[in-house]
Each structure stands twice: as C-alpha cells, then as structure tokens.
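Take a look at the structure set out below.
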Amino acid sequence: MTALRLYAGPGARRHIAEHGLQPQDITIVPGAAGGPKGLILGPLDRFLFGQWLPRAGDPVHLVGASIGAWRMAAACLNDPVAALQRLERDYIAQDYELPPGRRTPPADLVSERFGASLQAFYGERVGEVLAHPRYRLHIVTARGRHMLAREHRLATPLGYLGAFLSNALHRKAMGAWLERVVFSSPQDGAAAPLPFAVSDYRTRQVLLTPHNFQDALQASCSIPFVLRAVHDIEGAPRGAYWDGGITDYHLHLSWHAPGGRGIVLYPHFQRAIVPGWLDKGLRWRHAATPFLDRTLVLAPDPEWVRRLPDGKLPDRTDFTRYGRDLQGRMKAWNAAASASRQLADEFAAWLERPDARRVEPL
C-alpha cells in the first residue's frame, strides 16, 4: 500500500502545480521534537541530505528541536548519510538500567549517558557543523524563567504546572514561565538570521559556537523530569534550559525566506503540526494556520502506520512497554525504521514526475 502522503499550504500547492519541485526551491527544513517517532524519518533524511538537496547550491536553514535538532545537526556533517545512519543505530540501541522497583531510569543517569553519546557522536567534528557551506543550523531550546530559572525538586513541578495553566489560557502567556532560545550557526561573524518571525512568542537568539554546541544540543533534547536541565550555557542568558519541544513541539512557526520565496520542506511523522508540547491535548491548536502557507509536509499514511510493529509509530511509551526486553524493543524499532524506506522511495519517485493532485491541503 502507499506509505507517503503529501500535505501543503496554499502557497506551496500553487508552486508545485505551476513549477513542480526542485532542490533549489527548498530554503528551510524543520525537524520536529517527538522522540522515537523521528526514527521513521531516517530514510527520508538520508535521501534528502545525501542525494537530492546537494543538487542545488543555495543556503538552506535547518531548524530543529529535541530529536529534530539532533537530526539537523547530523545532516550538517561532511558525510550526512553515514551520520544519519549512526544516529538511527545509536538511538535504537540506547539502554538504561532500571533500579529495583522503578519503571523508568533516574534523570541523572539518562542525562549523563545521553551527554556522553552526543560527545562520542560529534566529538571533534563540531567545526563541520558550524562551517557547513550551505546549511545554517538553528537549535531550539526552552529557557526557564522565574520559578523555572533553576531546576529544583519542588519549584520545577510547580513551575511547569503554572506553564501548563498559562498555556491553556493563551500560548503567549506561557512566556512568563518559559522562553524560546535559539542557538544559530554563524554567518558573516554573527548568528545566521532566523528563518521565521518571532512575534508569536517570547524569543532570544544566541550564536552557536564550539564552546556551547554540546550543551545547546543536549538542552534541546532534555525532556523535563526525564533528563536534567542544562544550566548556564556559555554565551546565553543564565538559567535552566530544557527540551525545545516544550515551546515548539512541531515548529509551527511563521516561516519566511529571503524575498518571500522558497518552500519549507517538512519531513514529519503526522499531518498536524502542533505548536508546543503542552498543546498536545488542545486539539483546536492542531489546525494549519497562515504560518504554513509555503510548507510541504511529507508524512506517513495513518493506514500504513497501523501495519508497523504494535500498530503505531515508535514512541517513548515503548521504554516501559518493553521494560527490560531491550532486544524486543530494538527489533520493533528496527522493523519500523526499515519499513520507512518506502517513504523515501515514494518521495523520490514523486519528484521524478510531481503530481500536484497528490498534494492535499494542510
């Protein structure tokens, strides 16, 4: 059965109907948070960054939160296909000992192991990421304010309760508790310009350097209560930094490209682009907005997803579902990642003869 579905905003649909889709059309590639769900995007990433996008020469902004930031940073390495393959292997193989009586590992242990894995992954290669001739990397993090300014046994849960209630009233109100901080790779001696407007939510931008790269990337992946926050990142305002998915779960941003042209190419694991992590249960915030006018989303067909192991995408509940059965979880995740090669194959075939009739409205 068909695995891939294509969804687009009005501007992107008009462009495809009139011009098809070429690598030089792409100016932005977002990478969503979502933990293990991102595993099904591996083959698409390897096709895009290893074969298709290199056919053009213009700059492309890569914006990522959480696992999306890890994916986008890996794409900036000199051999992106090998790097993205290793990311998939490392993510699937991660394992944390469960202390007696616990169903989840301690946050200190997860943070320590994850930090070591990032150091082993990038090591001395951070320069490749920051000096990529075409790609401008933007790592999204969430910085705590007031009660969330430092991680604390009591203050942090209360602070996130306040953030949840504020966000339920109005997304901007959550800015009293958390702000978006974006670490951007250098361009002409300064941070590369952000490829999105920031009037939607309280935002800061910081230059990404070899000295803060590791901390910024780990912070972007630090799920509250699962990992520890990263504190006082060099070159950035002091404070506790958490997973970028809290403020920007699926990067539902007001995208813009130089001259108002270009397409946002978004490999994603579902049709809906949810603004923030705390919006997951707020269904009225899952609809498309004018922010996504020139966005093309590549996502799996829900019927195809039901044929994956356990009838769903890999997700964080699998850690408790499989418990100490590491081999069982790895088998399920590897099977899902292997099946998702169909997504890349179908997109490559569609690019040979783009059919605008297959592109559905977002």
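Here the sequence shown is numbered in the working numbering, starting from 3 and rising by one per residue.
All C-beta atoms in this analysis are idealised placements derived from N, C-alpha and C, irrespective of residue type, glycine included.
Keep in mind the model is a prediction, meaning the values are calculated, not measured.
{"query": "My output table needs one value for Pro56: the three-state DSSP class, helix, strand or coil.", "result": "helix"}
{"query": "Using alpha carbons as the reference points, say which of Gly37, Gln26 and Pro45 lies closest to Ala341.", "result": "Pro45"}
{"query": "Alpha carbon to alpha carbon, how far is Leu43 from Gly125? Give it in angstroms, no decimals.", "result": "24 Å"}
{"query": "Within 10 angstroms of its Cβ, does Pro82 collect 16 or more other Cβ (buried), or is it exposed?", "result": "buried"}
{"query": "For Glu90, which residues of its own chain have a beta-carbon under 8 Å away from its beta-carbon, when the five flanking residues on both sides are left out?", "result": "Leu41, Gly44 and Ala339"}
{"query": "Give the DSSP-derived three-state secondary structure of Ile141 in the structure shown.", "result": "strand"}
{"query": "Run the CB neighbour count on Arg145, radius 10 Å, all protein chains shown included, and call it buried at 16 or more, exposed below.", "result": "buried"}
{"query": "Would DSSP call Trp257 helix, strand or coil?", "result": "strand"}
{"query": "Rounded to whole angstroms, what's the CA-CA distance from Val131 to Arg15? Just pull it up for me.", "result": "32 Å"}
{"query": "Could you tell me the alpha carbon to alpha carbon distance between Phe215 and Ala151, rounded to whole angstroms?", "result": "21 Å"}
{"query": "Residue range of the beta strand (DSSP E) that Phe185 falls in?", "result": "Leu180 to Ser186"}
{"query": "Using a Cβ-Cβ cut-off of 7 Å (strictly less than) and excluding sequence neighbours within five positions of Leu219, which residues of its own chain qualify?", "result": "Ala71, Trp72, Ala75, Leu120 and Ile141"}
{"query": "Going by C-alpha distance, which of His148, Asp97 and Leu163 is nearest Arg318?", "result": "Asp97"}
{"query": "Would you give the residue range spanned by the alpha helix (DSSP H) that His17 belongs to?", "result": "Pro12 to His21"}
{"query": "Could you pull the start and end residues of the alpha helix (DSSP H) that Val112 belongs to?", "result": "Ala109 to Tyr124"}
{"query": "Along the chain, which unbroken stretches of the beta strand (DSSP E) at least 3 residues long are found entirely within the region 50-103?", "result": "62-67"}
{"query": "What do you reckon, are the CB atoms on Phe198 and His270 nearer than 9 Å?", "result": "no"}
{"query": "In chain order, what residues of the same chain have a beta carbon less than 8 Å from the beta carbon of Gly326, not counting five sequence neighbours either side?", "result": "Looking at the sequence shown, residue 326 is not Gly but Arg. So the qualifying residues of the chain are Leu100."}
{"query": "At which residue ranges does the region 218-274 contain complete beta strand (DSSP E) runs of 3 or more residues, listed in the order of the chain?", "result": "242-245 and 265-269"}
{"query": "Quick check: Asp202 and Arg173, are their CB atoms within less than 9 Å of each other?", "result": "yes"}
{"query": "List the whole-angstrom C-beta distance separating Leu267 from Leu310, where the pair is believed to meet the contact cut-off of C-beta under 8 Å.", "result": "The pair is not a contact, with the Cβ atoms about 24 Å apart (cut-off 8 Å)."}
{"query": "I'd like to know whether the C-beta atoms of Leu210 and Leu139 end up nearer to each other than 9 Å.", "result": "yes"}
{"query": "Using the rule of at least 16 other Cβ atoms within 10 Å of the residue's Cβ for burial, across every protein chain shown, is Gly241 buried or exposed?", "result": "buried"}
{"query": "Alpha carbon to alpha carbon, how far is Gly103 from Val65? Give it in angstroms, no decimals.", "result": "39 Å"}
{"query": "May I ask you to verify whether the region 106-122 touches the region 21-29, counting CB pairs closer than 8 Å and requiring at least 3?", "result": "no"}
{"query": "Following the continuous beta strand (DSSP E) through Arg323, name the residue where it begins and the one where it ends.", "result": "Counting along the chain, Arg323 falls outside any beta strand (DSSP E), though it belongs to the alpha helix (DSSP H) covering Thr319 to Tyr324."}
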